[in-house]
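Numbering-wise, the sequence shown is residues 1 to 335 according to UniProt numbering. A virtual CB, placed ideally from N, CA and C, is assigned to each residue, including glycine.
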Amino acid sequence: MNNPLEVVVWDLYITRYLTYAAFTILLYDHVITLSDEMILIWPAKTGLIKLVFLFNRYSVPLIIASACFGTYWVHYAPLMPDLFQCFRVERRLLTNSCQWYTTFTVCYAVVALLTTTFVVTTRVHALWGTQRYSFVFLATLWGIHVVANIVVVAKNMSQQFPLISYEPIFNVCQGSVQSNWVVWLNGILYNAIMITLLMWAWLSTPRNAQTPLMALIVRDGCVYFVAIFSAMLFNLLVWKYGRESQLVLPFFVVWSTTTIALSRLLLSMKNVQGPEDWGQQVKIAIPDLELTTIREGGLVSVVSRFSEDDDPLSYRVNSKPIPKMSHIGRYDEHL
Numbered sequence: 001m002n003n004p005l006e007v008v009v010w011d012l013y014i015t016r017y018l019t020y021a022a023f024t025i026l027l028y029d030h031v032i033t034l035s036d037e038m039i040l041i042w043p044a045k046t047g048l049i050k051l052v053f054l055f056n057r058y059s060v061p062l063i064i065a066s067a068c069f070g071t072y073w074v075h076y077a078p079l080m081p082d083l084f085q086c087f088r089v090e091r092r093l094l095t096n097s098c099q100w101y102t103t104f105t106v107c108y109a110v111v112a113l114l115t116t117t118f119v120v121t122t123r124v125h126a127l128w129g130t131q132r133y134s135f136v137f138l139a140t141l142w143g144i145h146v147v148a149n150i151v152v153v154a155k156n157m158s159q160q161f162p163l164i165s166y167e168p169i170f171n172v173c174q175g176s177v178q179s180n181w182v183v184w185l186n187g188i189l190y191n192a193i194m195i196t197l198l199m200w201a202w203l204s205t206p207r208n209a210q211t212p213l214m215a216l217i218v219r220d221g222c223v224y225f226v227a228i229f230s231a232m233l234f235n236l237l238v239w240k241y242g243r244e245s246q247l248v249l250p251f252f253v254v255w256s257t258t259t260i261a262l263s264r265l266l267l268s269m270k271n272v273q274g275p276e277d278w279g280q281q282v283k284i285a286i287p288d289l290e291l292t293t294i295r296e297g298g299l300v301s302v303v304s305r306f307s308e309d310d311d312p313l314s315y316r317v318n319s320k321p322i323p324k325m326s327h328i329g330r331y332d333e334h335l
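Structure representation (structure tokens):
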């Protein structure tokens, strides 16, 4: 296609159908996981994690639905000038609407993505909670991530805001992607650090001390990282090397992917936690083996591992790890 208008139209239609597909998958995932949500999330105690889950679960689809509605009117671009003239709608007003709608959507997406990284950080803290200064380290790391995100996005939005305008030929809002790709570097780097900490915790923990909850967090953390890393990298590459008409093409796909990944990450806890424990602070403690002087003869017992290793259902009911005692021999005071 040598005609620039044909290229733009082609990009707009690809953007439209990709956004539709992402929104459809998001709704489908919502429907098939609704029963798990009703069993696990709704009865759970209201807390920060639950509020983050519900915020992403129900508000993000509304924003993406508005984008789908906006792309639908591309078909009616030839009719819009006459319609706006009939109702005396000035182009300046349409441009202002595009600018503020884009700003609102970007800010909302930033908040949603930051809440997602917050949940991931709490999952990492569940593994490292027993380590000294782990909370201070992770809280500081997440705080730096938040500040860096806000600064980069604010700087880019201040530069791009005057360039956002209404395009009557295609009946869409248009903008520029120049230098916007850098906003994804922070998210990619932060998620890479989180998955590194997860794997470090997993590999440095003895197998007899690894609980089902730890295995679940590490497994889902790896799946989450692959999904989010791929989506963010896709958006970064399109914004860096793509055309101006491809500005929105990856955006709502990435947003839908992160929302689905977050829902799956939290709903998968049903395998090891009940509604009473879900969303509350979880600490995975590795039992220590203490050697003390034995004064009397008798059986010597040590804590070998948690009982939920063998029976995850009982662990889910009791909600607390129960030490399992193992007899390793009889002490003979004459030796």
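Buried or exposed by the 16-neighbour rule on C-beta atoms within 10 Å, applied to residue i
i, result
"Leu247", "buried"
"Gly47", "exposed"
"Leu12", "buried"
"Asn3", "exposed"
"Thr15", "buried"
"Leu163", "exposed"
"Tyr17", "exposed"
"Ser245", "buried"
"Tyr28", "exposed"
"Trp142", "buried"
"Leu93", "exposed"
"Leu237", "exposed"
"Trp100", "exposed"
Of the residues the options, the one placed nearest residue i, counting alpha carbons only
i, options, result
"Ala139", "Val238, Ala44 and Thr122", "Thr122"
"Leu216", "Arg264, Gly143 and Ser256", "Arg264"
"Lys155", "Val136, Trp181, Leu93 and Gly143", "Trp181"
"Ile228", "Arg132, Leu114 and Ala44", "Leu114"
"Ala192", "Gln160, Gln159 and Val120", "Val120"
"Phe161", "Thr105, Gly143, Lys45 and Tyr190", "Thr105"
"Ser158", "Val172, Gln178 and Cys173", "Gln178"
"Leu5", "Arg243, Leu262, Asn56 and Met269", "Arg243"
"Val8", "Cys173, Phe251, Pro61 and Leu233", "Cys173"
"Ala190", "Phe118, Pro250 and Trp100", "Looking at the sequence provided, one finds Tyr at residue 190 rather than Ala. Of the listed residues, the one whose Cα sits closest to Tyr190 is Phe118."
"Asp220", "Leu94, Lys45 and Met269", "Met269"
"Cys107", "Trp128, Gly70 and Val153", "Val153"
"Val31", "Thr19, Tyr58 and Ser230", "Tyr58"
"Lys127", "Cys98, Ser204, Ala231 and Asn171", "The sequence shown places Leu at residue 127, rather than the Lys named in the question. Of Cys98, Ser204, Ala231 and Asn171, the residue nearest in Cα terms is Ser204."
"Gly70", "Ala231, Tyr20, Val136 and Leu233", "Tyr20"
Pair within 8 Å by beta-carbon distance, residue i and residue j
i, j, result
"Thr116", "Thr24", "no"
"Phe53", "Leu198", "no"
"Lys50", "Ile41", "yes"
"Ser134", "His145", "no"
"Leu262", "Asn56", "yes"
"Asn235", "Phe251", "yes"
CB-CB length for residue i against residue j, believed under 8 Å
i, j, result
"Ala109", "Trp239", "Not a contact, Cβ separation roughly 14 Å."
"Ile222", "Ile260", "The question names Ile, but residue 222 is Cys in the sequence shown. Actually they do not touch by this definition, with Cβ atoms about 16 Å apart."
"Val218", "Trp202", "5 Å"
"Ala22", "Val253", "4 Å"
"Thr102", "Gly175", "7 Å"
"Pro61", "Leu26", "6 Å"
At least three beta-carbon pairs within less than 8 Å, the segment 158-175 to the segment 57-66: At 8 Å Cβ cutoff, the stretches do not touch.
Any 3 or more C-beta pairs closer than 8 Å across the segment 148-157 and the segment 182-190: A contact exists between the segment 148-157 and the segment 182-190.
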